[in-house]
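Visitor: Below are the C-alpha cells for one structure; questions will follow.
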C-alpha cells in the first residue's frame, strides 16, 4: 500500500474539501482583486491626479505672483472663502552670497526649516525705496513708500514663534506630496505639515529680496487638506466580512447539498452490510440523484434474489421430508444390518442439512422476531447450564454483577448460541469458555474454544453463507450456514460480530449488542 503525503494535509471528507476549495478560490480571487485595485490606484489614478494637481499648482503659483504683494493675502483669503492663507518666512543672510541664484537657493530649502504664520507679516508689506529700484531692477514691483520701511524692519528683527514639521503625518499624503514634487521642475516646492491635527499643504511662491537686511522673504500658500480624508477602512472591512460570510454560507450550503445524499447513501450501505435494506431518497445534483436511483435499483435486485433464495431454502426441506420419511421406512424393513447402518447415517446427515436450511430461513426472516426486554445475565446463565447438563465441557467465566438488559428475540438468540457452541464442538476443541462484559452502552459476549481456529485472511469468508473452509466439513453434514446464520441474527439485533484469535489457540467470537435502559 502506497503512502500519500497529501492525505496528512488534506481532509478526507468530501464536504470539507468542497468548502476548502470554495474558500480557497474566494481568497485567491479577493487577493488578486485587492492587488489589482492597489496597483491601479498607485500606478494610474494617483499618477493622473498628481499630474493634474501639478498643473494646477503651477497655474496658482503664476497667478499669485502677478498680484501686488500687499494684495496677495487678502486675495487668497477672499478667493478661498477664508480657507487658504499666506505664510511667510525670512531666509538667513546666506542669500547675500548666492544673490545671483535665488531660484537655486529656494529649491534647496525644504520644509525641515521653520514655518511662520502670515500673522507675523503685516498685510501691507512694505516695498524698498525707489533708489534701490535702480540697484535691483529685478525687484521693480517693490515701490512702496519709505514710511513703511520701519514695519518691515520690525518684522525682520523679531524672532517669530516657529511651526515645526510634525512627524505625525498620514503616509498616503506624504507619498502623494512626494509624487507632486517629483513632477515639479521649475523650482516650486510643495511641503506637508500638520497643525491642530489638520494636515496642511505648503506651496512655495517666488522669493522676494529684502534689501534692508540682505535677506530673502519666502512666501508659502497654505492649503488645508482636512477635506481630503481617507476612506474609512472599517467600512471596507465590514463589507469584506459580510461578503466573505455570505460566501462561506453559500459554500456550506453547496457542499451540504452535494454531500448529504452521499452521506445518506453511505449510511444505507452500512445498513446493507448488516443485512438491512434501507432505500435512499434520490436528491441533490443530477449525478447524486442518479446514484441514489441506481442504489435503490440494486436493493430491489438484492431483495428479489433474497426472496428467491428464501423461497428455495424454505421449499427444499419440505420437498425432501417426504422422500426421507419413505427411506427411513424402507430401512426399517430391510434385514441387511450393514446396509441399514450406512443408509441410516446418510439419511441422518440429510436430515441435519434440512434442519440447517430451516434454521437459516427462520433466522433470515426478521418479521418472525419477537423483541422483548431480556435480562441477558440470567438468560445466558440458563443457556450455559443447559449445555453443561448435557455433558458439554463449557463454563461461564465472567458475568457482570449488575443486571444488563437488551431488546432481543429469545428463540433467535438461543439458535445463535446453539450454533456457535455446536460449531465449536464440531470444528474446534473443548473446553469452551464464555465471557460477558459491559462495554459503554453495549454488552460484549465472547465465546472461545481451544481448536485450531480460523486464519485471519479467511475469517471474512467464514461468515459468508454456504462457505466451507475445508472439505472435511462435508462429512459432518455442514453446508456453511452456521456462522452466516449467527451474523444474520446479530445484525437483526443491531449488533456486530467479529472473529478473533483465542490465546494460546482457538477461535474467539465477539458479539456486541446494544443495551436498553
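Residue numbers (UniProt numbering): 1 to 517.
Cβ coordinates follow ideal geometry from the N, Cα and C atoms, glycine included.
Rounded to whole angstroms, how far is the Cβ of residue 406 from the Cβ of residue 254, which I believe are closer than 8 Å?
Guide: Not confirmed; about 43 Å, so no contact.
Visitor: With a threshold of 16 other CB atoms inside 10 Å of the CB of residue 288, please say whether the residue is buried or exposed.
Guide: With 16 or more Cβ atoms within 10 Å of its Cβ, residue 288 is classed as buried.
Visitor: How should residue 104 be labelled, buried or exposed, when 16 other C-beta atoms within 10 angstroms of its C-beta is the threshold for buried?
Guide: The predicted model places residue 104 with a pLDDT of 41, which falls under 50 and marks its position as unreliable, so this point remains unresolved.
Visitor: Does residue 516 come out as helix, strand or coil in the three-state DSSP assignment?
Guide: In this structure, residue 516 counts as coil in the three-state DSSP scheme.
Visitor: Is the beta carbon of residue 509 sitting closer than 8 Å to the one on residue 420?
Guide: Yes.
Visitor: By the 10 Å Cβ neighbour count, where 16 or more other Cβ atoms means buried, how is residue 424 classified, buried or exposed?
Guide: It is buried - the Cβ of residue 424 has at least 16 other Cβ atoms within 10 Å.
Visitor: Give me the Cα-Cα distance between residue 527 and residue 511, rounded to the nearest whole angstrom.
Guide: This structure does not reach residue 527, given that the chain is present from 1 up to 517, and the question cannot be answered.
Visitor: Within 10 Å of its beta-carbon, does residue 427 have 16 or more other beta-carbons around it, so buried, or fewer, so exposed?
Guide: It counts as buried.
Visitor: Does DSSP classify residue 223 as helix, strand or coil?
Guide: Reduced to three states, the DSSP call for residue 223 is strand.
Visitor: Taking the alpha-carbon of residue 464 as reference, which of 446, 484, 448 has the nearest alpha-carbon?
Guide: The shortest Cα separation from residue 464 among 446, 484, 448 belongs to 484.
Visitor: Within the segment 414-447, note down every full beta strand (DSSP E) run reaching 3 residues or more, in order along the chain.
Guide: Entirely contained in the segment 414-447, the beta strand (DSSP E) runs reaching 3 residues are, in chain order, 432-439.
Visitor: If we count Cβ pairs, one from each stretch, closer than 8 Å, do we get three or more for the segment 326-339 versus the segment 305-312?
Guide: The segment 326-339 vs the segment 305-312: no contact.
Visitor: Between which two residues does the alpha helix (DSSP H) containing residue 390 stretch?
Guide: Residue 390 -> no alpha helix (DSSP H), and no H or E assigned at all.
Visitor: Check each candidate in 375, 279, 319 and name the one with the smallest Cα separation from residue 301.
Guide: The candidate whose alpha carbon is nearest that of residue 301 is 279.
Visitor: Taking only three categories from DSSP, how would you classify residue 496?
Guide: DSSP places residue 496 in strand when its eight states are reduced to three.
Visitor: For a test of your reading of the model: does the CB of residue 184 fall under 7 Å from any non-hydrogen atom of the ligand SAH? Yes or no.
Guide: Absence of the ligand SAH is noted for the structure shown, with no ligands found whatsoever.
Visitor: Please classify residue 201: is it buried, with 16 or more other beta-carbons within 10 angstroms of its beta-carbon, or exposed?
Guide: Buried: at least 16 other Cβ atoms inside 10 Å.
Visitor: Tell me which residue opens and which closes the beta strand (DSSP E) that residue 195 is part of.
Guide: Taken as a continuous stretch (DSSP letters only), the beta strand (DSSP E) holding residue 195 covers 190-195.
Visitor: With distance defined between alpha-carbon atoms, name the residue in 26, 488, 35, 236 nearest to residue 271.
Guide: The option with the nearest alpha carbon to residue 271 is 488.
Visitor: Taking the alpha carbon of residue 459 as the point to measure from, which residue in 501, 440, 434 has its own alpha carbon closest?
Guide: Comparing Cα-Cα distances from residue 459 to each of 501, 440, 434, the minimum goes to 501.
Visitor: Among the residues of its own chain, which have a CB less than 7 Å from the CB of residue 409, if the five just before and after it don't count?
Guide: Once the five neighbours on either side are set aside, the close Cβ partners of residue 409 are 369, 370, 371.
Visitor: What are the residues that DSSP puts in a beta bridge with residue 201?
Guide: For residue 201, which the question treats as bridged, DSSP gives the partners 192, 223.
Visitor: With 16 as the cutoff for other CB atoms within 10 Å, does residue 176 come out buried or exposed?
Guide: By the 10 Å Cβ count, residue 176 comes out buried.
Visitor: Using C-beta distances below 7 Å, list every residue in its chain close to residue 20, excluding the 5 sequence neighbours before and after it, in chain order.
Guide: Excluding sequence neighbours, residue 20 sits near nothing in its chain.
Visitor: Using the C-alpha atoms, what's the distance from residue 205 back to residue 217?
Guide: Answer to the nearest angstrom: the Cα atoms are 10 Å apart.
Visitor: For residue 504, does the count of other Cβ atoms within 10 angstroms reach 16, so buried, or fall short, so exposed?
Guide: Exposed, by the Cβ-count rule.
Visitor: Using only the alpha-carbon positions, how far apart do residue 199 and residue 25 sit?
Guide: Near 41 Å, if we compare the C-alpha coordinates of residue 25 and residue 199.
Visitor: Please give me, in chain order, every unbroken run of the alpha helix (DSSP H) with length at least 4 that falls completely inside the segment 308-380.
Guide: Those alpha helix (DSSP H) runs which fall completely within the segment 308-380 and span 4+ residues are 337-364.
Visitor: Given that a residue counts as buried once 16 or more other Cβ atoms are within 10 Å of its Cβ, and exposed if not, what is residue 238?
Guide: It is exposed - the Cβ of residue 238 has fewer than 16 other Cβ atoms within 10 Å.
Visitor: From 380, 403, 387, 77, pick the residue whose C-alpha is nearest to that of residue 446; which is it?
Guide: The residue with the shortest Cα to Cα distance from residue 446 is 380.
Visitor: May I have the straight-line CA-CA distance separating residue 62 from residue 179, to the nearest angstrom?
Guide: Rounded to whole angstroms, residue 62 to residue 179 spans 21 Å at the Cα level.
Visitor: Less than 8 Å between the CB atoms is what I'm expecting for residue 442 and residue 513, so what's the real figure, rounded?
Guide: Confirmed, Cβ separation roughly 6 Å.
Visitor: By how many angstroms is the C-alpha of residue 38 removed from the C-alpha of residue 223?
Guide: Roughly 27 Å separates the two Cα atoms.
Visitor: Using the beta-carbon count (16 or more within 10 Å), is residue 250 buried or exposed?
Guide: Classification of residue 250: exposed, given that the 10 Å Cβ count is below 16.
Visitor: Since residue 343 and residue 320 should fall inside the 8 Å C-beta cutoff, what is the C-beta to C-beta distance between them, to a whole number of angstroms?
Guide: Contact flag wrong, Cβ pair sits at about 15 Å.
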